[in-house]
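In UniProt numbering, the protein residues as written are 1 to 129.
Glycine is no exception: its CB is placed at the ideal position from the N, C-alpha and C atoms.
Report on the following structure.
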């Protein structure tokens with residue numbers, strides 16, 4: 001269930017994608033915060049805990065995998081939906097080995113993204129109450 005203070009974090013170093021995802025999420029009645037780097041997002045977690053994070057796997061500073069690793073190391077319960085433009089088959093195996101359950105390859109549809117967010121949030125609620 002969405003509470004007034006809950007939001008979705010969008011973490012991507014590409015401004016056009018952040019804008020597009022922002023429009024989509026606002027239309028779906030989500031609140032959001034946008035971050036240009038994984039470091040910026042991680043630094044915000046003390047003050048702003050998202051209901052879910054959409055994180056690009058390939059960013060110029062921290063990768064999506066590194067962001068997830070640091071979230072886990074801090075023992076935070078932030079469900080993550082990863083997005084990538086890569087079509088590398090080995091990425092799927094690497095993602096599964098890292099515990100990734102929600103990976104979308106660009107281009108993805110609005111419905112695919114919203115379904116992945118719903119699954120991520122639902123899984124987190126099941127795990128963490």
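Using beta-carbon positions only, say whether residue i and residue j come within less than 8 Å of one another.
i: residue 67; j: residue 41; result: yes
i: residue 71; j: residue 10; result: no
i: residue 52; j: residue 8; result: yes
i: residue 98; j: residue 65; result: yes
Measure the C-alpha to C-alpha separation of residue i and residue j and round it to an integer number of angstroms.
i: residue 49; j: residue 43; result: 11 Å
i: residue 25; j: residue 91; result: 26 Å
i: residue 76; j: residue 47; result: 13 Å
i: residue 1; j: residue 105; result: Low local confidence applies: a pLDDT of 46 at residue 1 is under 50, so the model's placement there is unreliable, and no value is given.
Using 8 Å for Cβ pairs, my map puts residue i next to residue j. What's the rounded Cβ distance?
i: residue 31; j: residue 6; result: 7 Å
i: residue 39; j: residue 61; result: 6 Å
i: residue 34; j: residue 18; result: 5 Å
i: residue 12; j: residue 56; result: 4 Å
i: residue 123; j: residue 101; result: 7 Å
Q: Identify every run of the alpha helix (DSSP H) within the UniProt domain "Response regulatory" (7–121), keeping only runs that are complete inside it and at least 4 residues long; order them along the chain.
A: Runs of the alpha helix (DSSP H) inside the UniProt domain "Response regulatory" (7–121): 15–27, 38–44, 64–73, 89–97.
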